[in-house]
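I have placed the structure first, in the form of structure tokens, so that the comments after it can refer back to it.
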DNA sequence: TTTAATTGTGCAATCGATTGCATAATTAAA
DNA sequence: TTTAATTATGCAATCGATTGCACAATTAAA
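Chains as they are written, first to last, in full-length UniProt numbering: chain R, 1 to 342; chain B, 1 to 342.
Below is the structure:
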């Protein structure tokens, strides 16, 4: 019904050369004379030839494809990371197969399986697994297919290739900033504490308190989903506290803005009564009223660095002696939501 | 150095059966007896067998992969669409290869070429081409590989499979709403007018004016990049107008919020002096001060519908008689930014 | 017991590109 | 003119899974 695919054999037949010659000519193999090469390329173009990546991948054991697994696609931060990855990958001749784990370990396992079957040349994962040593990456390790964790890493970071920011330091700096503003009772609204990113931010929070000789109060650390809806509930819960906190360090902007919104709706003045910080520097946080203090989290760069590192690992066949850990710069953005009044 | 891959031949050898039997057993082919099937499956598992998608794809001419091309990955709306697509695709046994065109036709062409070579089973495109009939999709059409355009379609929508919302109607309703609020001079800030989405919204805007017997003033339609930075420039340009508009219909939320922010910074009261609407219902638009009137644009559903339609086309081999056009529901969200004061 | 029908397996070709090795063609050197 | 060196091309096996067809084995029917 539809015309059969043009293959190198068809081109070879037309020109009375062998398929090998065509194959070599098309990829500028030096053993083919420039004259032949041009003739073949012209013919290939004329016949509308398109190389078959499956066939070539099968033979060379390379798919030119990189696997990516993220908890969810639909967040501004994540899409920024992916944008950086895609760009870097394409520039190096690779494609991205992107999958979501929906924060479920089972899903992540299944994704790993599928990506392995698809013979991706490397893997980039923002893991959802709370395990310090998730075991289901073994097939990749055994076959020496490089794996890099970005943003969300396994607990045991020394054992894996990682690209992150220094979450502990960021959490420390944010908290210290609030303390300098003379805030005494800082609520920390965070995500699943088993996840390394959040654990580290919490560590930073504790460190800052400790430095000021303030006791750490575990009841001031609230674990949530960090979504918009969670924000509303948290605001309500805050309003029911016998004594309000005078500052809140929220582990992402989305939730911080939602909390702020609902507190304001109940007449709480921000930053006068309660100061608030977020985390991520989502595009809107600068336009919130008051503008939100946050940490600028370099998504695009993170994506780019991760992809480039992965491609580097793929190209250097030899096994690297030890895992690396790229720690990217972040930036504290102090804005109105944490400014002491004059 | 690394152990060779386990193949169906290895399993066959171990069990003294043929590779055909193994192949059939693993995919529950009815011709294989249940007993044999179980034995083979157990062995496969024991030997850590992973099927090779490249080999099977080569043979069956199916990659189980869908190509996606979007202008940019890093927008909240787009990542929502992709989330919906990914979910639907995985549920049906497909993977997504996602590429960005960066709003450049050349890039889009190149992406098409690459995805064709990768033998994707179908293609979903939010096109960047302003042509009414982009020609570089031909290879797909010729081979009867299904292509669906979502959100941004070619101008000539009747000729292609499309999934969109009714942008004209949405534009019409927003404008009519502003007119009902007794606004007379409505500025329309839009994207590239060659792009169908924006063209249609503009048509809706015109229609609403026409219905009220108001003359359409082309100098009140401003074409921009719709980014955060554009917002600032537009705000400045507005402030320099001899007579300010009393309403602004911006073609996306991001830019609308940026404009609003900068106008407010210059003391313009919103909505009293100027009413503003956006488009997209980005998560923060509800938290803007004042909350932003906008159109709820069902990204996740759009992604899901597009992917499911594509998979349907793939599965029904026969050529559909005519292209389809799914028009998804949208919803006008009237919020404070366009409320007349009591 | 023989024949027919049913069920389960295997053979071998196929998908399309790649590549080590052998050979043919050309050029340079003797 | 002969030999050696260089350059260009072809042969055929290979990557791993799939599948039409033939055939063997088993069961049912005559």
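All C-beta atoms, glycine included, are put in the ideal place defined by N, C-alpha and C.
Keep in mind it's a predicted model, so treat the numbers as computed, not measured.
For a quick check, are the C-beta atoms of residue 332 of chain R and residue 173 of chain R less than 8 Å apart? The residue given as residue 332 of chain R occupies position 332 in the first chain. The residue given as residue 173 of chain R occupies position 173 in the first chain. Taking 8 Å as the Cβ cut-off, residue 332 of chain R and residue 173 of chain R qualify as a contacting pair.
Residue 52 of chain R at chain B interface by Cβ criterion, 8 Å: Counting from 1 along the first chain, the entry for residue 52 of chain R is found at position 52. At a cut-off of 8 Å between C-beta atoms, residue 52 of chain R counts as an interface residue with respect to chain B.
Could you check whether residue 82 of chain R and residue 73 of chain B sit closer than 8 Å to each other, using their CB atoms as the reference points? As a first step, residue 73 of chain B must be located in the second chain, where it is residue number 73. As a first step, residue 82 of chain R must be located in the first chain, where it is residue number 82. Yes, these two residues count as a Cβ contact at 8 Å.
Looking only at its chain, what residues have a beta carbon closer than 7 Å to the beta carbon of residue 327 of chain B, apart from the 5 residues adjacent to it on each side? Reading the second chain from its first residue, position 327 is the one you call residue 327 of chain B. 164, 165 and 166, listed in sequence order.
Reference residue 130 of chain R, options R:98, R:178, R:198 and R:140, closest by Cα: For the purposes of this step, residue 130 of chain R is taken as the residue at position 130 of the first chain. Among R:98, R:178, R:198 and R:140, the Cα nearest to that of residue 130 of chain R belongs to R:198.
Taking Cβ to Cβ, would you say residue 204 of chain B is nearer than 8 Å to residue 168 of chain B? For the purposes of this step, residue 204 of chain B is taken as residue 204 along the second chain, with counting starting at 1. For the purposes of this step, residue 168 of chain B is taken as residue 168 along the second chain, with counting starting at 1. Contact: yes.
Determine the extent of the beta strand (DSSP E) in which residue 223 of chain B is found, giving its start and end residues. Within the second chain, residue 223 of chain B is the residue found at index 223, counting from 1. Start and end: 221-223.
Does the distance from the C-beta atom of residue 274 of chain B to that of residue 268 of chain B stay below 8 Å? Here the question's residue 274 of chain B lines up with position 274 in the second chain. Here the question's residue 268 of chain B lines up with position 268 in the second chain. Taking 8 Å as the Cβ cut-off, residue 274 of chain B and residue 268 of chain B qualify as a contacting pair.
Collapsed DSSP secondary structure at residue 284 of chain B in the structure displayed: Taking the first residue of the second chain as 1, we reach residue 284 of chain B at position 284. Three-state DSSP puts residue 284 of chain B in a helix.
Which residues of chain R have a Cβ atom closer than 9 Å to the Cβ of residue 139 of chain B, listed in chain order? Residue 139 of chain B sits at position 139 when you count from the first residue of the second chain. Ordered by position in chain R, the residues that pass the 9 Å Cβ test against residue 139 of chain B are 48 and 50.
Consult DSSP for residue 137 of chain R and reduce its assignment to one of helix, strand or coil. Within the first chain, numbered from 1, the residue matching residue 137 of chain R stands at position 137. Helix at residue 137 of chain R.
Out of R:138, R:92, R:177 and R:196, which one is the CA nearest neighbour of residue 156 of chain R? By one-based count along the first chain, residue 156 of chain R stands at place 156. Comparing Cα-Cα distances from residue 156 of chain R to each of R:138, R:92, R:177 and R:196, the minimum goes to R:196.
Quick check on this structure: which residue in B:290, B:148, B:189 and B:8 has the alpha carbon closest to the alpha carbon of residue 227 of chain B? On the second chain, residue 227 of chain B is found 227 positions in, with the first residue counted as 1. Looking at the Cα atoms, B:189 is the closest of the given residues.
Out of R:194, R:239, R:193 and R:176, which has the shortest C-alpha to C-alpha gap to residue 212 of chain R? Sequence index remark: in the first chain, residue 212 of chain R carries index 212 (1-based). The candidate whose alpha carbon is nearest that of residue 212 of chain R is R:176.
Can you pull the chain R residues whose beta carbon is under 7 Å from the beta carbon of residue 283 of chain B, in chain order? In the second chain, residue 283 of chain B corresponds to position 283, counting from 1. Ordered by position in chain R, the residues that pass the 7 Å Cβ test against residue 283 of chain B are 228 and 254.
Could you have a look at residue 102 of chain B and say whether DSSP puts it in helix, strand or coil? As a working note, residue 102 of chain B is residue 102 in the second chain. If DSSP states are grouped into helix, strand and coil, residue 102 of chain B belongs with coil.
Less than 6 Å between C-beta atoms, sequence neighbours within five positions excluded: which residues of the same chain meet that for residue 94 of chain R? Counting from one through the first chain, the residue named residue 94 of chain R turns up at place 94. For residue 94 of chain R, where only same-chain residues beyond five positions count, the Cβ hits under 6 Å are 64 and 66.
Quick one: what does DSSP say residue 124 of chain R is sitting in, helix, strand or coil? Along the first chain, read from residue 1 onward, the residue named residue 124 of chain R stands at position 124. Residue 124 of chain R: strand per DSSP, three-state reduction.
Please look up how many angstroms separate the CB atoms of residue 25 of chain B and residue 36 of chain B, rounded, as I've assumed it's under 8 Å. Counting from one through the second chain, the residue named residue 25 of chain B turns up at place 25. Counting from one through the second chain, the residue named residue 36 of chain B turns up at place 36. Going by Cβ atoms, the distance from residue 25 of chain B to residue 36 of chain B rounds to 6 Å, so yes, they are a contact pair.
Any C-beta of chain B within less than 8 Å: which residues of the stretch 70-92 of chain R qualify? 72, 73, 74, 75, 76, 78, 79, 80, 82, 83, 86, 87 and 90
Does chain R have any CB closer than 8 Å to the CB of residue 148 of chain B? Taking the first residue of the second chain as position 1, residue 148 of chain B is located at position 148. Output row for residue 148 of chain B: interface = no.
Once the 5 residues before and after residue 31 of chain R are set aside, which same chain residues still bring their CB inside 8 Å of it? Residue numbering aside, residue 31 of chain R sits at position 31 when the first chain is read from its first letter. These residues qualify, in order along the chain: 24.
Using DSSP bridges, identify the partner residues of residue 333 of chain R. For this step, residue 333 of chain R is matched to residue 333 along the first chain. According to DSSP, residue 333 of chain R bridges with R:294.
Would residue 128 of chain B pass as a contact of residue 103 of chain B if the rule is Cβ separation under 8 Å? For this step, residue 128 of chain B is matched to residue 128 along the second chain. For this step, residue 103 of chain B is matched to residue 103 along the second chain. A contact, by the Cβ cut-off of 8 Å.
List, in order along the chain, the chain B residues whose C-beta lies closer than 8 Å to that of residue 117 of chain R? Position 117 of the first chain, counted from the first residue, corresponds to residue 117 of chain R. In chain order: 50, 51, 52 and 53.
Any C-beta of chain R under 8 Å from that of residue 180 of chain B: Position 180 of the second chain, counted from the first residue, corresponds to residue 180 of chain B. It does not: the Cβ of residue 180 of chain B has no partner Cβ on chain R nearer than 8 Å.
Given a threshold of 16 other Cβ atoms within 10 Å of its Cβ, counted over all protein chains shown, does residue 141 of chain R qualify as buried or as exposed? Taking the first chain and counting its residues from 1, the one referred to as residue 141 of chain R is at position 141. It counts as exposed.
Is residue 303 of chain R closer than 8 Å to residue 47 of chain R when the C-beta atoms are compared? Reading the first chain from its first residue, position 47 is the one you call residue 47 of chain R. Reading the first chain from its first residue, position 303 is the one you call residue 303 of chain R. Contact annotation: residue 47 of chain R and residue 303 of chain R have beta-carbon atoms that are not nearer than 8 Å.
Report the option in B:314, B:334, B:322 and B:336 whose CA atom is closest to the CA atom of residue 124 of chain B. Your numbering for residue 124 of chain B matches position 124 in the second chain. Comparing Cα positions, the closest option is B:314.
Comparing alpha-carbon positions, which option in B:69, B:153 and B:170 lies nearest residue 295 of chain B? Residue 295 of chain B sits at position 295 when you count from the first residue of the second chain. Cα-wise, what sits closest to residue 295 of chain B is B:170.
Pull up the distance between the alpha-carbon of residue 210 of chain R and that of residue 279 of chain R, whole angstroms please. Here residue 210 of chain R refers to the residue found at position 210 when the first chain is read from its first residue. Here residue 279 of chain R refers to the residue found at position 279 when the first chain is read from its first residue. Their Cα atoms are separated by approximately 22 Å.
In the DSSP assignment, the beta strand (DSSP E) including residue 6 of chain B goes from what residue to what residue? Numbered from its first residue, the second chain carries residue 6 of chain B at position 6. Note, residue 6 of chain B: premise wrong, no beta strand (DSSP E); not H, not E.
So, are the CB atoms of residue 159 of chain R and residue 133 of chain R less than 8 Å apart? Sequence index remark: in the first chain, residue 159 of chain R carries index 159 (1-based). Sequence index remark: in the first chain, residue 133 of chain R carries index 133 (1-based). For residue 159 of chain R and residue 133 of chain R, yes; Cβs fall inside 8 Å.
Please state whether the Cβ-Cβ distance between residue 178 of chain B and residue 316 of chain B is less than 8 Å. Translated into the one-based positions of the second chain, residue 178 of chain B becomes position 178. Translated into the one-based positions of the second chain, residue 316 of chain B becomes position 316. It is not a contact, given that the beta carbons lie outside the stated cut-off.
Endpoints, the beta strand (DSSP E) within which residue 275 of chain B is located: Along the second chain, read from residue 1 onward, the residue named residue 275 of chain B stands at position 275. 275-277 is the extent of the beta strand (DSSP E) around residue 275 of chain B.
So, for residue 239 of chain R: in the same chain, excluding its five sequence neighbours on each side, which residues have a beta-carbon less than 7 Å away from its beta-carbon? Mapped onto the first chain, residue 239 of chain R falls at position 239. Excluding residues within five positions, the ones whose Cβ falls inside 7 Å are 266.
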